[in-house]
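Enquirer: Got a structure for you, questions after.
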Amino acid sequence: MNEIILKCENLHKYFPLPAEGELKVLRGLDLEIVSQSSTGIIGVSGSGKSTLLHILGSLDSPTKGKIFYEEKEMNKMSDEKLSNLRNAHFGFIFQFHYLISELTVIENVMLPYFIKTNRQNNGYAEKLLSDVGIFERKDYYPNQLSGGELQRAAIARALMNKPKIIFADEPTGELDNENAGKVFELLLNMVNKYKSSLIFVTHNNNFAKDLQKTYRLYLGQLEKI
Amino acid sequence: MKYHNFLANKFFKKGKRGYISFISNISVIGITVGVAALIIILSVMNGFSSDLKDKVIGTRAHIYLSSLFGPIHDYEKVIDKVKNNKEIIGISPVSSSEIMIKNGDSVNGGILFGVDRNTVEEVIKFKKYMVLGHVEDLSDDGVILGEELAFSLNATLGESITVISPKIKVMPDGSIFPKTKKLIVEGIIKTGMYEYDKSFLYTTLKNFDRLFEQPENSTTAIYIKVKNVYETKKVIKQLSKELPKNLFSRDWIDMNHNLFTALRTEKFVMGLILFIIVLVAGINIIITIIMMVQEKKKEVGILRSLGIKRSGIKRIFLLQGIYMGSIGTLLGSVIGVLVVAAIKIFHVKIPGGGSVYYIDILPVQFKVWPDFILIVVGVMVVTILFSLIPSAWASKLDPIKAIKDE
Chain H
49 MNEIILKCEN
59 LHKYFPLPAE
69 GELKVLRGLD
79 LEIVSQSSTG
89 IIGVSGSGKS
99 TLLHILGSLD
109 SPTKGKIFYE
119 EKEMNKMSDE
129 KLSNLRNAHF
139 GFIFQFHYLI
149 SELTVIENVM
159 LPYFIKTNRQ
169 NNGYAEKLLS
179 DVGIFERKDY
189 YPNQLSGGEL
199 QRAAIARALM
209 NKPKIIFADE
219 PTGELDNENA
229 GKVFELLLNM
239 VNKYKSSLIF
249 VTHNNNFAKD
259 LQKTYRLYLG
269 QLEKI
Chain A
2 MKYHNFLANK
12 FFKKGKRGYI
22 SFISNISVIG
32 ITVGVAALII
42 ILSVMNGFSS
52 DLKDKVIGTR
62 AHIYLSSLFG
72 PIHDYEKVID
82 KVKNNKEIIG
92 ISPVSSSEIM
102 IKNGDSVNGG
112 ILFGVDRNTV
122 EEVIKFKKYM
132 VLGHVEDLSD
142 DGVILGEELA
152 FSLNATLGES
162 ITVISPKIKV
172 MPDGSIFPKT
182 KKLIVEGIIK
192 TGMYEYDKSF
202 LYTTLKNFDR
212 LFEQPENSTT
222 AIYIKVKNVY
232 ETKKVIKQLS
242 KELPKNLFSR
252 DWIDMNHNLF
262 TALRTEKFVM
272 GLILFIIVLV
282 AGINIIITII
292 MMVQEKKKEV
302 GILRSLGIKR
312 SGIKRIFLLQ
322 GIYMGSIGTL
332 LGSVIGVLVV
342 AAIKIFHVKI
352 PGGGSVYYID
362 ILPVQFKVWP
372 DFILIVVGVM
382 VVTILFSLIP
392 SAWASKLDPI
402 KAIKDE
């Protein structure tokens, strides 16, 4: 039975404005993510989708509200614990691939495992690269890959430590329609195969139909679609 | 290999582009030059100091035993009392007094030493420094002159010179004359110490006693050589227990205190000035790492999202500084040691030579401890301390801000 692994309650995020006052991006929203699920968050640009994703992924902190991961309150965790959480339980895919340019594709994919254990694991990284279809590019550097290939490598890296949740922040935003579709499909397949949950942030409504749950972020609140 | 070492290596080898690479190279070169200069200059100063010490110790005693009141009488008894001390390797009576020397129209002041031909080699290295003649062949009417003194008196081997003692002779008519004696030049000594070679001359103890009207078996001092020149204080302490209270001892360190203190101070100041080069290179390291962090902000954000802790980020950038410092220190050490070795092997001559510095060849002495180790440790400490500042800043970067700023 699928259980709630990530939950937020009454989440607020305000950013101070240059002159005075503050920009209220998130205004007391609640959300529950169950294991092995796919959740879409759509909304117009600037609606706070990425901010929400970063807070849920512990890369940013809320102004108010609570976030629980497996019933443990993330707000109370130390920076070290949050780092361990991101490394071992979360995977991130951003709009840009954000691979490390000094590392080869396989070194990039292996990096989360290396950080976790101080050991390299070529076998599993090669398997993931085969699954995303760029095994033959494993020894290439990021600047030798196409946009689609880079995002495939980013997907493989996000899955390296068998995370419970993948946070995808408009990973198809920089791709043409054909490649965007392929990368989205690949991401869904991979998440299903490796039994992770997916939180997919996009402004493209077309992807919503393939996700189990979809929310629209509007005026700092989530509306279920 | 740990992940931060792996990433630091990758960033160090491939992560520096354009201006950062240039500044990084300048930092490494700065440290290389600083370390090499420190090794070379300190080795040369050690060489000078050691050369000077050798000359001082070679031509003078390690311990001077003298009496509070006039000469030491029955010095043989005193020698018998102390010669069994295990630390003592040489002992000989040496009298000395200031005199005037005359040869033709040339007149010079000097210090005349009266030495015991049979035992003096135990305390003064005549064999090493004699350029003409032998101390064993010194007759009771003979004298050995310092080379500079011989030049100044225009005296050569076999010639006779007149020594004028401060002792006075009263003539039957009541007039007073200083006591004089003609001595034949039987040897020339060159220690390399200008002061010594310009003013020292040696005759036999018997001759000295006659000239200064000292009773037989007396001497103004007993020269002592010990096994370890740095343990003279210990020997002095032992001697003071065995000897009568009217005898007192001083060692070569006390006698040359000002000279060696000046040398030590000079070496310290030189080291300090040269270390400024290292500090400047250290500041370049700070700048290099700040620029690297600025350029690698995005990577810092990515690595934080992948779960690297703040301490891990700090370590990655700290290692950049340590790599720069280590390469510079290694290169500087190799260059410094090679230059020191070359100076030693090829006997590099000093411009102007002996006439200016009274030393022909540049002396060098490479000391692993304390010089080399302190240089390496000092440079690495500076590198680490200077690298900590930008590394700590990198570790505090907000991951999302770092990514968004790109």
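Chains H and A are the protein sequences, given in the same order. If you read the first sequence in my numbering, its first letter stands for residue 49, the second for the next number, and so on. If you read the second sequence in my numbering, its first letter stands for residue 2, the second for the next number, and so on. For glycine and all other residues, C-beta sits at the position ideal for the given N, C-alpha and C.
With a threshold of 6 Å on Cβ separation, who are the neighbours of V153 of chain H within its own chain once the five nearest residues in sequence on each side are excluded?
Expert: Here the question's residue 153 of chain H lines up with position 105 in the first sequence. R185, K186, Y188 and A201.
Enquirer: Identify the contact partners of K11 of chain A in chain H, using a Cβ-Cβ distance below 9 Å as the criterion.
Expert: In the second sequence, the residue the question calls residue 11 of chain A occupies position 10. Near K11 of chain A (Cβ distances below 9 Å), the residues of chain H are I148, E150, L151 and E155.
Enquirer: Taking 8 Å as the threshold (beta carbon to beta carbon), is N135 of chain H in contact with chain A?
Expert: Working through the first sequence from its first residue, we reach residue 135 of chain H at position 87. So, interface residue.
Enquirer: Return the chain-ordered ranges of every alpha helix (DSSP H) run that is complete within the segment 321 to 369 of chain A and spans a minimum of 4 residues.
Expert: Qualifying alpha helix (DSSP H) stretches, in chain order: 354 to 358.
Enquirer: Determine whether the beta carbon atoms of G115 of chain A and D198 of chain A lie at a separation below 8 Å.
Expert: Within the second sequence, numbered from 1, the residue matching residue 115 of chain A stands at position 114. Within the second sequence, numbered from 1, the residue matching residue 198 of chain A stands at position 197. Result no, Cβ atoms of G115 of chain A and D198 of chain A do not sit closer than 8 Å.
Enquirer: On a Cα-Cα basis, can you pick out the residue from A:P352, A:L320 and A:F269 that is closest to L386 of chain A?
Expert: Taking the first residue of the second sequence as position 1, residue 386 of chain A is located at position 385. Ranking the options by Cα distance to L386 of chain A, first place goes to A:L320.
Enquirer: With a threshold of 7 Å on Cβ separation, who are the neighbours of I290 of chain A within its own chain once the five nearest residues in sequence on each side are excluded?
Expert: To locate residue 290 of chain A, count along the second sequence from 1; it is residue 289. Hits under 7 Å: F318, Q321, G322, S388, P391 and S392.
Enquirer: So, are the CB atoms of Y161 of chain H and M208 of chain H less than 8 Å apart?
Expert: Translated into positions along the first sequence, residue 161 of chain H becomes position 113. Translated into positions along the first sequence, residue 208 of chain H becomes position 160. Yes, these two residues count as a Cβ contact at 8 Å.
Enquirer: Less than 6 Å between C-beta atoms, sequence neighbours within five positions excluded: which residues of the same chain meet that for S149 of chain H?
Expert: Residue 149 of chain H sits at position 101 when you count from the first residue of the first sequence. Same-chain partners within the cutoff: P190.
Enquirer: Are any of the Cβ atoms in chain H nearer than 8 Å to that of F318 of chain A?
Expert: Here residue 318 of chain A is taken as the residue at index 317 of the second sequence, counted from 1. Judged by the 8 Å Cβ criterion, F318 of chain A is not in contact with chain H.
Enquirer: Quick one, are the C-beta atoms of K55 of chain H and F116 of chain H less than 8 Å apart?
Expert: Start at 1 with the first residue of the first sequence, and residue 55 of chain H comes out as number 7. Start at 1 with the first residue of the first sequence, and residue 116 of chain H comes out as number 68. Against a cut-off of 8 Å, the Cβ pair of F116 of chain H and K55 of chain H comes out as a contact.
Enquirer: With distances taken Cα to Cα, identify the nearest neighbour of L83 of chain H among H:I52, H:N156, H:D127 and H:V92.
Expert: To locate residue 83 of chain H, count along the first sequence from 1; it is residue 35. It should be pointed out that residue 83 of chain H corresponds to Ser in this sequence rather than to Leu. Checking every option, the nearest Cα to that of S83 of chain H belongs to H:I52.
Enquirer: Have a look at N47 of chain A and D55 of chain A and give me their C-alpha separation to the nearest angstrom.
Expert: For the purposes of this step, residue 47 of chain A is taken as residue 46 along the second sequence, with counting starting at 1. For the purposes of this step, residue 55 of chain A is taken as residue 54 along the second sequence, with counting starting at 1. Roughly 12 Å separates the two Cα atoms.
Enquirer: Suppose the cutoff is 6 Å on Cβ atoms and the five residues either side in sequence are ignored; what does the same chain contact list for L235 of chain H look like?
Expert: Position 187 of the first sequence, counted from the first residue, corresponds to residue 235 of chain H. Cβ neighbours of L235 of chain H beyond the five flanking positions: I203.
Enquirer: Checking 8 Å against the spacing of the C-beta atoms, do Y65 of chain A and I145 of chain A come in under that value?
Expert: One-based indexing of the second sequence puts residue 65 of chain A at position 64. One-based indexing of the second sequence puts residue 145 of chain A at position 144. Not closer than 8 Å, so no.
Enquirer: Measuring alpha carbon to alpha carbon, tell me which of A:L69, A:P94 and A:T60 ends up nearest Y76 of chain A.
Expert: Sequence index remark: in the second sequence, residue 76 of chain A carries index 75 (1-based). Among A:L69, A:P94 and A:T60, the Cα nearest to that of Y76 of chain A belongs to A:P94.
Enquirer: Please list, in chain order, the chain H residues whose beta carbon lies closer than 7 Å to that of K303 of chain A.
Expert: Here residue 303 of chain A refers to the residue found at position 302 of the second sequence. In the sequence as presented, Lys is not what sits at residue 303 of chain A; that position holds Ile. What I303 of chain A touches in chain H: Y146 and I148.
Enquirer: Should H63 of chain A be labelled buried (16 or more other beta-carbon atoms within 10 Å of its own) or exposed?
Expert: Taking the second sequence and counting its residues from 1, one reaches residue 63 of chain A at position 62. Looking at its Cβ environment, which holds 16 or more other Cβ atoms inside 10 Å, H63 of chain A is buried.
Enquirer: In this structure, does DSSP put D217 of chain H in helix, strand or coil?
Expert: Reading the first sequence from its first residue, position 169 is the one you call residue 217 of chain H. In this structure, D217 of chain H counts as strand in the three-state DSSP scheme.
Enquirer: Leaving out the 5 sequence neighbours to the left and right, which residues in its chain are closer than 7 Å to G283 of chain A when beta-carbon positions are compared?
Expert: Sequence index remark: in the second sequence, residue 283 of chain A carries index 282 (1-based). Here the set comprises V383, T384 and F387.
Enquirer: Would you say E122 of chain A and V132 of chain A are within 8 Å of each other, going by their C-beta atoms?
Expert: Within the second sequence, the letter at position 121 stands for residue 122 of chain A. Within the second sequence, the letter at position 131 stands for residue 132 of chain A. Cβ distance not < 8 Å, so E122 of chain A and V132 of chain A don't count as in contact.
Enquirer: Tell me the DSSP bridge mates of L59 of chain H?
Expert: In the first sequence, counting from the first residue as 1, residue 59 of chain H sits at position 11. According to DSSP, L59 of chain H bridges with H:L77.
Enquirer: Our contact map puts L100 of chain H next to I90 of chain H with C-beta atoms below 8 Å; I'd like the distance itself, whole angstroms only.
Expert: As a working mapping, residue 100 of chain H is identified with position 52 in the first sequence. As a working mapping, residue 90 of chain H is identified with position 42 in the first sequence. Contact flag wrong, Cβ pair sits at about 12 Å.
Enquirer: With 16 other CB atoms within 10 Å as the buried threshold, where does D372 of chain A fall?
Expert: In the second sequence, residue 372 of chain A corresponds to position 371, counting from 1. With 16 or more Cβ atoms within 10 Å of its Cβ, D372 of chain A is classed as buried.
Enquirer: From A:D252, A:K15 and A:E296, pick the residue whose C-alpha is nearest to that of S67 of chain A; which is it?
Expert: In the second sequence, the residue the question calls residue 67 of chain A occupies position 66. Nearest option by C-alpha distance: A:D252.
Enquirer: What are the start and end residues of each continuous alpha helix (DSSP H) run of 4 or more residues lying completely inside the segment 9 to 65 of chain A, in chain order?
Expert: With a minimum length of 4 residues, the continuous alpha helix (DSSP H) runs that stay inside the segment 9 to 65 of chain A are 19 to 60.
Enquirer: Nearest-angstrom Cα distance between Q366 of chain A and G333 of chain A?
Expert: Numbered from its first residue, the second sequence carries residue 366 of chain A at position 365. Numbered from its first residue, the second sequence carries residue 333 of chain A at position 332. In a straight line, the C-alpha of Q366 of chain A is about 17 Å away from that of G333 of chain A.
Enquirer: Per the DSSP calculation, L270 of chain H is bridged to which residue(s)?
Expert: Numbered from its first residue, the first sequence carries residue 270 of chain H at position 222. In DSSP, L270 of chain H forms a bridge with H:L265.
Enquirer: Tell me whether the beta-carbon of I404 of chain A lies closer than 8 Å to the beta-carbon of G302 of chain A.
Expert: Here residue 404 of chain A refers to the residue found at position 403 of the second sequence. Here residue 302 of chain A refers to the residue found at position 301 of the second sequence. For I404 of chain A and G302 of chain A, yes; Cβs fall inside 8 Å.
Enquirer: Listed in chain order, which residues of the segment 75 to 101 of chain H have Cβ atoms closer than 9 Å to some Cβ of chain C?
Expert: The structure shown contains no chain C; the protein chains it does contain are H and A.
Enquirer: Tell me whether I154 of chain H counts as near the ligand HEM, meaning its Cβ is closer than 7 Å to at least one heavy atom of that ligand.
Expert: Annotation note on the ligand HEM: not contained in the displayed structure, which lists no ligands.
Enquirer: With distance defined between alpha-carbon atoms, name the residue in H:G268, H:L246 and H:L265 nearest to G139 of chain H.
Expert: Against the first sequence, residue 139 of chain H aligns to sequence position 91. Comparing Cα-Cα distances from G139 of chain H to each of H:G268, H:L246 and H:L265, the minimum goes to H:L246.
Enquirer: Against Y4 of chain A, what residues of chain H qualify as contacts under a CB-to-CB distance less than 7 Å, listed in chain order?
Expert: What you label residue 4 of chain A is simply residue 3 of the second sequence in a count that begins at 1. Simply F162, I163 and N166.
Enquirer: So, are the CB atoms of G76 of chain H and N58 of chain H less than 8 Å apart?
Expert: Within the first sequence, the letter at position 28 stands for residue 76 of chain H. Within the first sequence, the letter at position 10 stands for residue 58 of chain H. Yes.
Enquirer: Would you call the segment 205 to 220 of chain A in contact with the segment 139 to 154 of chain A, where contact means no fewer than 3 C-beta pairs closer than 8 Å?
Expert: Short answer: they touch.
Enquirer: For H251 of chain H, which of helix, strand or coil comes out of DSSP?
Expert: Counting from one through the first sequence, the residue named residue 251 of chain H turns up at place 203. If DSSP states are grouped into helix, strand and coil, H251 of chain H belongs with coil.
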